[in-house]
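The block underneath contains the structure these notes are about, expressed in structure tokens.
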Amino acid sequence: MNENVIVSDPPSAGPLMHEDLELLHEVALLTPGDSHLEMCIQCGTCGGSCPSGSAMDHTPRAIFAMLRAGMREEVMKSNTPWMCVSCYYCTVRCPQDIHITDVMYTLKNMALKSKMFQDTTASDFSKTFISYVENYGRSFEIGLAGIHNVTHLRLAVRLPNMVPMALGMLTKKGMSPLPPKRIKGMNDLKKILKRAKELEAA
Ligand code: SF4
Ligand code: SF4
8 MNENVIVSDP PSAGPLMHED LELLHEVALL TPGDSHLEMC IQCGTCGGSC PSGSAMDHTP
68 RAIFAMLRAG MREEVMKSNT PWMCVSCYYC TVRCPQDIHI TDVMYTLKNM ALKSKMFQDT
128 TASDFSKTFI SYVENYGRSF EIGLAGIHNV THLRLAVRLP NMVPMALGML TKKGMSPLPP
188 KRIKGMNDLK KILKRAKELE AA
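According to the numbering used here, numbering within the sequence shown proceeds without interruption in unit steps and concludes at 209.
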């Protein structure tokens, strides 16, 4: 994919759209640390870098334009955050140091709380991600995307979704198709995750 190509952008998400910054500020406040979200210059690097772009209904760039326009319902209903495989490729390439991956997590939380996201497969995607982190201490993007597509997409749409995503991951992103090695300190991570679950339940 040409790195400058922006896919799936709605016409209404152009740079001249009406601004309503309340939603943008809400997302920035809910994202840990300084997300720099308000600094987006709509360059499209994130969308052109994303290995999951072909499965997203809007690119990350378009989502940020929609946030700036106050398009709450459209953003909450979008599958974009749920198709994010947390590879951080967009984040390291963003010229504005916007914490794009973290913002995707914020949007997932907001979508669940608002009950606007109706796709019941979404939580499965997150559970698969968490299982990789609990077992290996890291994400396994190809496995994550593959399991989700095989489990939830009909055969007719599975291949058109999976092939470009897998090729993007294997070639442009240089990701390994093999399961990851466990990180050092896996036992320490398990203790941290166990404590986090205890705090969440309290
Ligand atoms: S790469 Fe950064 S600045 Fe460019 S569109 Fe994406 S979030 Fe905005
Ligand atoms: S972190 Fe998510 S949004 Fe960013 S490039 Fe990876 S899959 Fe795409």
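We put the beta carbon where it would ideally sit given N, CA and C, even for glycine.
Model, not experiment: these values are computed from the prediction.
When DSSP assignments are scanned along the segment 96 to 150, the uninterrupted stretches of alpha helix (DSSP H) that are 4 or more residues long and fall wholly within it turn out to be 96 to 100, 107 to 121, 129 to 143. Remark: C-beta atoms of Pro67 and Cys53 approach each other more closely than 9 Å. By the CB criterion at 9 Å, Val110 and Leu30 fall outside the cutoff. No Cβ-Cβ contact shorter than 9 Å links His32 with Gln103.
Within the chosen limit of 8 Å, ligand 2 does not reach the beta carbon of Gly51 with any heavy atom.
If the five residues before and after Glu141 are omitted, its C-beta is found closer than 8 Å to the C-beta atoms of Lys197, Leu200, all from its own chain and listed in chain order. The beta-carbon separation of Tyr139 and Ser146, rounded to 6 Å, stays under the 8 Å limit for a contact. Relative to ligand 2, even the nearest heavy atom lies 8 Å or more away from the CB of Ile190. For Ala35, the enclosing alpha helix (DSSP H) starts and ends at 29 to 37. Residue state for Gly51 is assigned as coil, using DSSP reduced to three classes. Annotation for Asp195: the continuous alpha helix (DSSP H) segment containing it runs 193 to 208. The residue from Ser93, Gln125, Ser85 with its alpha-carbon nearest to that of Ile149 is Ser93. By the Cβ-count criterion, Lys115 is buried, with 16 or more other Cβ atoms from all chains shown falling within 10 Å of its own Cβ. With contacts defined by Cβ atoms closer than 9 Å, Thr108 and Leu37 do not form a contacting pair. C-alpha of Met73 to C-alpha of Leu119: approximately 18 Å in a straight line. With respect to the 9 Å criterion, Lys188 and Tyr143 are classified as neighbours on the basis of their beta carbons. For Met90, the secondary structure class from DSSP, reduced to helix, strand or coil, is helix. The residue among Ile137, Leu28, His65 with its C-alpha nearest the C-alpha of Lys204 is Ile137.
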